[in-house]
Amino acid sequence: MNILLFGPPGAGKGTQSAMLVEKKGMAHISTGDLFRSAIKNETSLGLEAKKYMDKGDLVPDSVTVGMVEEELVRQNGKDIILDGFPRTVPQAEALNVLLDKYEMKIDNAFFLEVPNELLMKRLTGRRMTADGKHVYHLEFNPPKTPGVCDITGEPLIQRKDDQEDVIANRLKAYEESTRPLKDFYKEQGNLRVIDGTGEPKDVFERIVDYL
Ligand code: ADP
Ligand code: AMP
């Protein structure tokens, strides 16, 4: 079973992905994490992506789709969660081409719905491990020891693009480019709208009901 998670920044995609990895053993493909890892390793892909990410703009589709194809091949048939990809209708169309090519399908396209007024608070309070695998919130999901990951003991960081002015631009990019995916997946028949409010474990239950 392959799924994708989409929704506005701060909807809880990373948080739910971590729970799906832990409890269902799925492989997590987050384009945001892949770009941040490329930036850290100073690859040419990372240098290109950084120009857009620092401002809260979307990285061009051609760059993003190529990276996802490599990752799909690397996962070699494991059940996957696509997190934060696709983010535009052309990316969703390109994904369909890739799925055909590798004889795969997306069983559920989960749209995490969270009211706008909650998103800014979720994003400004977000703290995570450098690889993005463990996500916390200063108020809603604090670690047991401030600034330290409960699971790995690593220090927690704040993402550079989790600043109010950059967040505002990311929300704008979402409205313009990503929200239309709701209609795309509705037409395809695999859209599942999930209420993304309440405790993370409650949101998780709503997702698991479909799996
Ligand atoms: P996304 O990957 O969609 O951008 P995250 O999973 O990183 O979102 O969540 C954004 C922030 O909101 C994080 O600080 C996370 O701890 C917090 N968060 C996630 N889910 C919930 C929830 N159900 N209730 C409250 N806060 C949440
Ligand atoms: P995320 O970690 O999902 O919040 O993504 C962080 C940033 O990475 C976004 O603001 C974009 O600049 C970039 N990004 C991640 N996924 C994509 C994508 N599918 N298409 C374009 N840009 C992306």
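Just so you know, our numbering puts 80 at position 69 of the sequence shown, and the rest follows in order with no gaps.
Don't be surprised by glycine CBs; every beta carbon is placed ideally from N, CA and C.
Note that this is a predicted model, so its numbers are computed, not measured.
- Taking the Cα of residue 172 as reference, the smallest distance to any Cα among 187, 78, 181 is reached at 181.
- In the three-state DSSP reduction, residue 124 falls in the strand class (E or B).
- The beta carbons of residue 125 and residue 19 sit about 7 angstroms from each other, so the pair counts as a contact at 8 angstroms.
- Contact between residue 168 and residue 138 holds, with the beta-carbon distance rounding to 7 angstroms and staying under 8 angstroms.
- Per the C-alpha coordinates, the member of 91, 189, 155, 122 positioned closest to residue 104 is 189.
- Distance from the CA atom of residue 154 to the CA atom of residue 127, rounded to whole angstroms, is 25 angstroms.
- If the five residues before and after residue 120 are omitted, its C-beta is found closer than 6 angstroms to the C-beta atoms of 15, 196, 201, 202, all from its own chain and listed in chain order.
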